[in-house]
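> For the sequence shown, position 132 matches number 183 in the working numbering, and the numbering has no gaps at all.
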Amino acid sequence: MENTAIPREALWDVLRARHSVRRYTGRPIEPEKAAALQAEIDAIGRETGLDFRLVLDDPNVFRADRPHYGSFSGCRNFIVLYGPKGADEQVGYHGERLVLLAQYLGLNTCWCALTFEKTAIPVKPAEGHVLHDVVALGYGETQGVPHRSKPVTKLAPISPATPQWFERGMDAAMLAPTAINQQRFYIEQVGDRGARAKALIGPCSKTDLGIVKYHFELGAGRENFEWV
Ligand SMILES: Cc1cc2nc3c(=O)[nH]c(=O)nc-3n(C[C@H](O)[C@H](O)[C@H](O)COP(=O)(O)O)c2cc1C
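See the structure below:
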């Protein structure tokens, strides 16, 4: 699955610039940027059947008065990620397509599994779909900060023989957002052109796995390897 919306030469800047942002300015999302996101949402729907919804200018889902971790302010735009129960990895993979496209368009984002008002979501899932996550969207007060990453040797077996495609894949995977920055994943090289990724135990780690696999594919180049 190729994300055609981000030009290859912009990829690493986009991957490095993306950080979770929880405080937003009131600047509205321009109609052409909303249309680009909607076009990608429609493409994802056609390819996978996932039911993602872009919601603009709604102040009620992200409220600043939640006391626990990750409280948000000023967020009035978001993407609701509906899909079949158990589709966590697929939701992660395709949700991150939208997160990176938003970053490329100059917007900020934050994946959100918990710290939003579920009951205030103004749209309803189609039959057979459940709410997985919400992605907060808009112009941030700041661009956020890079997360601390585990060393690559804790996430993959790296040796002097590790090929460049695998190392680049890991560079991109380490830049991926994961719930509470847990990075509960492990990726191994299999043969000359194979890679195997697995989720370890942790909250949302299957969603994280989809996100991480999408990053790995972009970094490694899909033409260089296959998932096994
Ligand atoms: C599946 C998933 C769920 C998340 N849920 C929340 C959340 O409920 N609230 C929140 O403030 N941040 C949430 N985050 C954001 C993570 O805390 C953040 O991605 C992580 O700390 C790494 O930071 P970064 O995104 O800036 O690289 C979530 C991230 C992911 C991938």
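Just so you know, even glycine gets a beta-carbon here, dropped at the ideal spot from N, CA and C.
Is any heavy atom of ligand 1 found at a distance shorter than 7 Å from the C-beta of Phe253?
The count along the sequence shown starts at 1 and reaches residue 253 at position 202. This sequence places Gly at residue 253; Phe is not what is there. No, ligand 1 has no heavy atom inside 7 Å of this Cβ.
> If you draw a straight line from the C-alpha of Phe123 to the C-alpha of Asn111, how long is it?
Residue 123 sits at position 72 when you count from the first residue of the sequence shown. Residue 111 sits at position 60 when you count from the first residue of the sequence shown. The straight-line gap from Cα to Cα measures roughly 11 Å.
> Lys257 CB to nearest chain C CB: under 8 Å?
Although the question refers to chain C, the structure presented lacks it and comprises just one protein chain.
> In three-state DSSP terms, what is Lys249?
Translated into the one-based positions of the sequence shown, residue 249 becomes position 198. Three-state result, Lys249: strand.
> Using the C-alpha atoms, what's the distance from Cys255 back to Glu140?
Position 89 of the sequence shown, counting from 1, holds the residue named residue 140. Position 204 of the sequence shown, counting from 1, holds the residue named residue 255. C-alpha separation (whole angstroms): 9 Å.
> In the DSSP output, what is Gln141 paired with across the bridge?
Locating residue 141 in the sequence shown gives position 90, where the first residue counts as 1. Answer is none; Gln141 lacks a bridge partner.
> Can you tell me whether DSSP reads Tyr120 as helix, strand or coil?
Within the sequence shown, residue 120 is the residue found at index 69, counting from 1. For Tyr120, the predicted structure reports a pLDDT of 49, less than 50, and the residue's modelled location is therefore unreliable. The matter cannot be settled from this model.
> Taking 8 Å as the cut-off, decide whether the C-beta atoms of Leu149 and Ala223 are in contact.
What you label residue 149 is simply residue 98 of the sequence shown in a count that begins at 1. What you label residue 223 is simply residue 172 of the sequence shown in a count that begins at 1. No, the Cβ-Cβ distance between Leu149 and Ala223 is not below 8 Å.
> Quick one: what's got a C-beta closer than 6 Å to Val181's C-beta in the same chain, skipping five residues either side?
In the sequence shown, counting from the first residue as 1, residue 181 sits at position 130. Hits under 6 Å: Lys136.
> Can you grab the Cα-Cα spacing for the pair Gly189 / Glu178, in whole Å?
Taking the first residue of the sequence shown as position 1, residue 189 is located at position 138. Taking the first residue of the sequence shown as position 1, residue 178 is located at position 127. If I take the Cα positions, the gap works out to 29 Å.
> Please report the distance separating the alpha-carbon of His70 from that of Gly191.
Taking the first residue of the sequence shown as position 1, residue 70 is located at position 19. Taking the first residue of the sequence shown as position 1, residue 191 is located at position 140. Their backbone Cα atoms lie some 10 Å apart in a straight line.
> Taking 7 Å as the line, does the beta carbon of Asn159 fall inside it for any heavy atom of ligand 1?
As a first step, residue 159 is located in the sequence shown; it is residue number 108 there, counting from the start. Not under cutoff, so the answer is no.
> Within a Cβ cutoff of 6 Å, which residues of the same chain sit near Tyr120, ignoring the five residues on either side of it in sequence?
Within the sequence shown, the letter at position 69 stands for residue 120. Note that Tyr120 has pLDDT 49, beneath the 50 cutoff, so the model's placement of it is unreliable and the number below is only indicative. Cβ neighbours of Tyr120 beyond the five flanking positions: none.
> Please state the DSSP three-state secondary structure of His198.
Position 147 of the sequence shown holds residue 198. Three-state result, His198: coil.
> Report the rounded CA-to-CA distance for Met52 versus Asp184, giving the unit in angstroms.
Counted from its first residue, the sequence shown places residue 52 at position 1. Counted from its first residue, the sequence shown places residue 184 at position 133. For Met52, the predicted structure reports a pLDDT of 43, less than 50, and the residue's modelled location is therefore unreliable. The matter cannot be settled from this model.
> Provide the residue span of the alpha helix (DSSP H) that contains Leu206, from first to last.
Indexing the sequence shown from 1 puts residue 206 at position 155. Unbroken alpha helix (DSSP H) run through Leu206: 203–206.
> How would you write the range of the beta strand (DSSP E) that Pro173 sits in, first residue to last?
The sequence position of residue 173 within the sequence shown is 122, counting from 1. No beta strand (DSSP E) contains Pro173, which DSSP labels as neither H nor E.
> Between the Cα of Glu239 and the Cα atoms of Tyr265, Trp63, Thr204, Ile57, which residue gives the shortest distance?
Taking the first residue of the sequence shown as 1, we reach residue 239 at position 188. Cα-wise, what sits closest to Glu239 is Thr204.
> For a test of your reading of the model: does the CB of Asp64 fall under 7 Å from any non-hydrogen atom of ligand 1? Yes or no.
Locating residue 64 in the sequence shown gives position 13, where the first residue counts as 1. No, Cβ of Asp64 sits at least 7 Å from all heavy atoms of ligand 1.
> Return yes when at least one heavy atom of ligand 1 lies under 7 Å from the C-beta of Pro173, else no.
Translated into positions along the sequence shown, residue 173 becomes position 122. Pro173 Cβ: outside cutoff for every heavy atom of ligand 1.
> Please work out which residues of its chain come closer than 7 Å, Cβ to Cβ, to Leu107, disregarding the five sequence neighbours upstream and downstream, and give them in chain order.
Walking along the sequence shown from the start, residue 107 turns up at place 56. So the list reads Ile80, Ala85, Asn128, once near-sequence residues are dropped.
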